[in-house]
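Asker: With positions in the sequence shown counted from 1, the corresponding number in the working numbering is that position plus 141.
Just so you know, even glycine gets a beta-carbon here, dropped at the ideal spot from N, CA and C.
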Amino acid sequence: EAAVNSVLDQGYRTQDIAKNGDKVVGTEKMGDLVVEALA
């Protein structure tokens, strides 16, 4: 959960939850970012 929050706090979002100014990424990239945050 902390890893997901960390990625969201950095402004990354998938298209379905993105708002203006967010960094839109695909689901695969979002997963990669979460895995990186766990390391």
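Count the other C-beta atoms from every protein chain shown that fall within 10 angstroms of the C-beta of residue 179, then say buried if there are 16 or more, exposed otherwise.
Answerer: Reading the sequence shown from its first residue, position 38 is the one you call residue 179. Flag for residue 179 reads exposed.
Asker: Leaving aside the five residues before and after residue 146 along the sequence, list all residues of the same chain whose C-beta is less than 8 Å from its C-beta, in chain order.
Answerer: One-based indexing of the sequence shown puts residue 146 at position 5. Excluding sequence neighbours, residue 146 sits near nothing in its chain.
Asker: If residue 163 and residue 152 are in contact, beta carbons under 8 Å, what's the gap, nearest whole angstrom?
Answerer: As a working note, residue 163 is residue 22 in the sequence shown. As a working note, residue 152 is residue 11 in the sequence shown. Yes, residue 163 and residue 152 are in contact; Cβ-Cβ is about 6 Å, under 8 Å.
Asker: How far does the alpha helix (DSSP H) with residue 173 in it reach, from first residue to last?
Answerer: Mapped onto the sequence shown, residue 173 falls at position 32. That run of the alpha helix (DSSP H) goes 168–179.
Asker: Does the beta-carbon distance from residue 144 to residue 175 come in below 8 Å?
Answerer: Taking the sequence shown and counting its residues from 1, the one referred to as residue 144 is at position 3. Taking the sequence shown and counting its residues from 1, the one referred to as residue 175 is at position 34. Contact flag set, yes.
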